[in-house]
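Trainee: Each residue of the sequence shown is one higher than the last, beginning at 1031 in my numbering.
To start, I am sharing the structure in question, which I have written as structure tokens.
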Amino acid sequence: MDMVGRTGRVTGVVGPGLVGEVILHIRGGAEHFLAYPALGERGRIGVGAVVTVVEYQPPRTVYVMEVYDG
């Protein structure tokens, strides 16, 4: 399953030193994944923020960066 490039929403704060959580729409449903900030991402990514998966480590871990929203 290709997770890199998928977008999702933060459900638990993601940040340096934190294990966050995101929800991604896959396989016709929505699933939660543990989330870490991608290399170079600074600061915390708050609940509700839209993120993009830049790395996936099976079975349930993703590295994400916040999507710039204008």
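Using N, Cα and C, we set each Cβ at its ideal position, and we do this for glycine too.
1) Alpha carbons only, please: which of V1092, G1042, P1088, G1045 is nearest the one belonging to T1082?
2) For E1061, count neighbouring C-beta atoms within 10 Å of its own C-beta (all shown protein chains included) and say buried if the count is 16 or more, exposed if not.
3) DSSP beta-bridge partners for A1065?
4) Under a three-way DSSP split, which group does Y1086 fall into?
Mentor: Walking through what the data contain:
1) Checked all of V1092, G1042, P1088, G1045; the closest Cα to T1082 is V1092.
2) With fewer than 16 other Cβ atoms within 10 Å, it is exposed.
3) A1065 is bridged to G1050, V1092.
4) Of the three classes helix, strand and coil, the one that applies to Y1086 here is strand, per DSSP.
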